[in-house]
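Residue numbers (our numbering): 24 to 351.
Glycine is no exception: its CB is placed at the ideal position from the N, C-alpha and C atoms.
Keep in mind that this is a model prediction, so the values were computed, not measured.
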């Protein structure tokens, strides 16, 4: 139990904050729906409830993925966060389906909801809270990547570097971006339904919100399915490859793989050295490279194999990428 509590302290802070805020939002929207019968509020209540459950899964999964390797699982638990996220999207998918079904039902049989002011106030508060969590997620992306940004730069940096963010932070960003957009859409629908005879507006908003939720499900599923299978980090491969080839004692790189293990990076490298070097000299080169690679952000494990120089260049410096040239 003590180990579990210690692991929770290492969980993704953005996911925990988002779960707490979305719990409050879901309760507010639930109360609002009970008082007004607004379909737009129902859709947003389902959305917030799904986000809450999802982000609790994310927080727990990101924490457990930090567990140290064991004899049974010597490669560690890095990919556990990807597995948890795959399970979490099922919850969002189910609630997205229910949201769409309720929206279609309201389009077919539209009703005039009461409590216009209540609906608008609750949705307004929700949008503000969702925007706050979204901004915190953006800040977390910059923090994870070591980028100094402020003001609107936080937004642009987060969007441009979203693919490099940790899986948990990326999910929080996507969910809260859709939640903020969904909240604004629901507010518009409530206003249209109140001031015009077009009462189907809330049903249409509900369907659109459900579709947006499905888009997040698809994106998160594809990202984390790749993580479970084992996805290479090509950008880090290029960076480490350049670093290794700049070492004066390295003649060539035979193979280089940077594998994503959840939020961590596992590096496997095979280099060629001068065959005239002594074992001690080769070992010093290996230790030096291991230290440099381990200093790269996110790298937790490095395996380096040594071989003698065969005189054939495998690493393509011209294209600046790890391209293996076919040996004759």
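Compare the Cα-Cα distances from residue 225 to each of 43, 33, 59, 335 and report the closest residue.
-> What you label residue 225 is simply residue 202 of the chain shown in a count that begins at 1. Measuring from the Cα of residue 225, the nearest candidate turns out to be 59.
Whole-angstrom Cβ separation of residue 284 and residue 101, contact assumed at under 8 Å?
-> For this step, residue 284 is matched to residue 261 along the chain shown. For this step, residue 101 is matched to residue 78 along the chain shown. Yes, residue 284 and residue 101 are in contact; Cβ-Cβ is about 3 Å, under 8 Å.
Residue range of the alpha helix (DSSP H) that includes residue 272 = Within the chain shown, residue 272 is the residue found at index 249, counting from 1. Premise fails: residue 272 is in no alpha helix (DSSP H) and is neither H nor E.
Reference residue 316, options 127, 166, 288, 298, closest by Cα | In the chain shown, residue 316 corresponds to position 293, counting from 1. Per the Cα distances, 288.
Determine, using beta carbons only, whether residue 109 and residue 240 come nearer to each other than 8 Å.
-> Along the chain shown, one-based indexing puts residue 109 at 86. Along the chain shown, one-based indexing puts residue 240 at 217. Cβ distance not < 8 Å, so residue 109 and residue 240 don't count as in contact.
Residue 263 to residue 275 span [Cα, whole Å] = Along the chain shown, one-based indexing puts residue 263 at 240. Along the chain shown, one-based indexing puts residue 275 at 252. A straight-line Cα-Cα distance of about 13 Å links residue 263 and residue 275.
With a 10 Å radius around its C-beta and 16 neighbouring C-beta atoms as the bar for buried, classify residue 221 as buried or exposed.
-> On the chain shown, residue 221 is found 198 positions in, with the first residue counted as 1. By the neighbour-count criterion, in which a residue is buried when 16 or more other Cβ atoms sit within 10 angstroms of its Cβ, residue 221 is exposed.
CB residue 82 to CB residue 49, shorter than 8 Å?
-> The residue given as residue 82 occupies position 59 in the chain shown. The residue given as residue 49 occupies position 26 in the chain shown. Not a contact, by the Cβ cut-off of 8 Å.
To the nearest angstrom, how far is it from the Cα of residue 171 to the Cα of residue 187?
-> Here residue 171 is taken as the residue at index 148 of the chain shown, counted from 1. Here residue 187 is taken as the residue at index 164 of the chain shown, counted from 1. Roughly 15 Å between the two C-alpha positions.
Whole-angstrom distance between residue 143 and residue 55, CA atom to CA atom | Translated into positions along the chain shown, residue 55 becomes position 32. Translated into positions along the chain shown, residue 143 becomes position 120. Rounded to whole angstroms, the gap between the alpha carbons of residue 55 and residue 143 is 10 Å.
Would residue 199 pass as a contact of residue 167 if the rule is Cβ separation under 8 Å?
-> The residue labelled residue 199 in the question sits at position 176 within the chain shown. The residue labelled residue 167 in the question sits at position 144 within the chain shown. With a cutoff of 8 Å on beta-carbon distance, residue 199 and residue 167 are scored as not near each other.
Taking residue 228 as the reference, give the member of 85, 127, 309, 118 with the closest Cα.
-> Numbered from 1 along the chain shown, position 205 holds the residue referred to as residue 228. Selection 85, 127, 309, 118 evaluated against residue 228 yields 127 as nearest (Cα-Cα).
Measure the CB-CB distance between residue 247 and residue 190 and report whether it falls below 8 Å.
-> To locate residue 247, count along the chain shown from 1; it is residue 224. To locate residue 190, count along the chain shown from 1; it is residue 167. Yes.
Given residue 313, which residues of its chain have a CB within under 7 Å of its CB, disregarding the five upstream and five downstream residues?
-> For the purposes of this step, residue 313 is taken as residue 290 along the chain shown, with counting starting at 1. Closer than 7 Å at the Cβ level, and outside the excluded window around residue 313, lie 325, 327.
Got a sec? Which residues, its chain only, sit under 6 Å from residue 272 by beta carbon, not counting five neighbours each side?
-> Taking the chain shown and counting its residues from 1, one reaches residue 272 at position 249. Cβ neighbours of residue 272 within its own chain (closer than 6 Å, five residues either side excluded): 308.
The stretch 253-261 contacting the stretch 113-121, beta-carbon criterion three pairs below 8 Å = Touching, no.
Of the choices 267, 164, 233, whose alpha-carbon is the least far from that of residue 73?
-> Stepping through the chain shown from its first residue, residue 73 is reached at position 50. Comparing alpha carbon positions, the residue from 267, 164, 233 closest to residue 73 is 233.
Own chain partners of residue 77 with C-beta closer than 8 Å, once the 5 adjacent residues on each side are dropped = For this step, residue 77 is matched to residue 54 along the chain shown. So the qualifying residues of the chain are 111, 112, 114, 115, 194, 198.
Taking residue 331 as part of the beta strand (DSSP E), name the residues at either end of that continuous run.
-> Looking up residue 331 in the chain shown gives position 308. Its beta strand (DSSP E) spans residues 322-331.
Who are the Cβ neighbours of residue 255 in its own chain at under 7 Å, not counting the five residues just before and after it?
-> Locating residue 255 in the chain shown gives position 232, where the first residue counts as 1. Close CB contacts of residue 255 within its chain, under the 7 Å cut and outside five residues either way in sequence, are with 280, 281, 282 (chain order).
Beta carbon of residue 133, beta carbon of residue 67: below 8 Å?
-> For this step, residue 133 is matched to residue 110 along the chain shown. For this step, residue 67 is matched to residue 44 along the chain shown. Cβ atoms of residue 133 and residue 67: not closer than 8 Å.
Whose CA, out of 218, 175, 146, lies closest to the CA of residue 205?
-> As a position in the chain shown, residue 205 is number 182, starting the count at 1. The candidate whose alpha carbon is nearest that of residue 205 is 146.
Member of 65, 332, 305 whose CA lies at the smallest distance from the CA of residue 122 = The count along the chain shown starts at 1 and reaches residue 122 at position 99. Nearest option by C-alpha distance: 65.
Where residue 256 falls: helix, strand or coil (DSSP) = By 1-based counting over the chain shown, the position of residue 256 is 233. Looking at residue 256 - three-state DSSP - the assignment turns out to be coil, as it is neither helix nor strand.
Excluding five sequence neighbours on each side, which residues of the same chain lie with their C-beta closer than 6 Å to the C-beta of residue 212?
-> Locating residue 212 in the chain shown gives position 189, counting from the first residue. Excluding sequence neighbours, residue 212 sits near 63, 224, 225, 228.
Whether residue 236 touches residue 70 by CB criterion (8 Å) = Translated into positions along the chain shown, residue 236 becomes position 213. Translated into positions along the chain shown, residue 70 becomes position 47. For residue 236 and residue 70, yes; Cβs fall inside 8 Å.
Sequence ranges, alpha helix (DSSP H) only - wholly within the stretch 24-91, length at least 4 | Listed in chain order, the complete alpha helix (DSSP H) runs (minimum 4 residues) inside the stretch 24-91 are 25-31, 36-59, 62-87.
Residue of 203, 277, 286 minimising C-alpha distance to residue 293 | In the chain shown, counting from the first residue as 1, residue 293 sits at position 270. Of 203, 277, 286, the residue nearest in Cα terms is 277.
Please classify residue 86: is it buried, with 16 or more other beta-carbons within 10 angstroms of its beta-carbon, or exposed?
-> Position 63 of the chain shown, counting from 1, holds the residue named residue 86. Residue 86 comes out buried.
Using DSSP with H/G/I as helix, E/B as strand and the rest coil, what is residue 180?
-> Mapped onto the chain shown, residue 180 falls at position 157. Reduced to three states, the DSSP call for residue 180 is helix.
Taking residue 84 as the reference, give the member of 30, 196, 124 with the closest Cα.
-> Here residue 84 refers to the residue found at position 61 of the chain shown. Of the candidates 30, 196, 124, 30 places its Cα closest to the Cα of residue 84.
Which residues in the same chain as residue 231 place their Cβ atom closer than 7 Å to its Cβ, once the five residues preceding and following it in sequence are excluded?
-> Counting from 1 along the chain shown, the entry for residue 231 is found at position 208. Excluding sequence neighbours, residue 231 sits near 208.
Answer with buried or exposed for residue 257, where buried requires no fewer than 16 other C-beta atoms within 10 angstroms of its C-beta.
-> For this step, residue 257 is matched to residue 234 along the chain shown. Its Cβ having fewer than 16 others within 10 Å, residue 257 is exposed.
With DSSP collapsed to three states, give me the class of residue 188.
-> As a first step, residue 188 is located in the chain shown; it is residue number 165 there, counting from the start. Three-state result, residue 188: coil.
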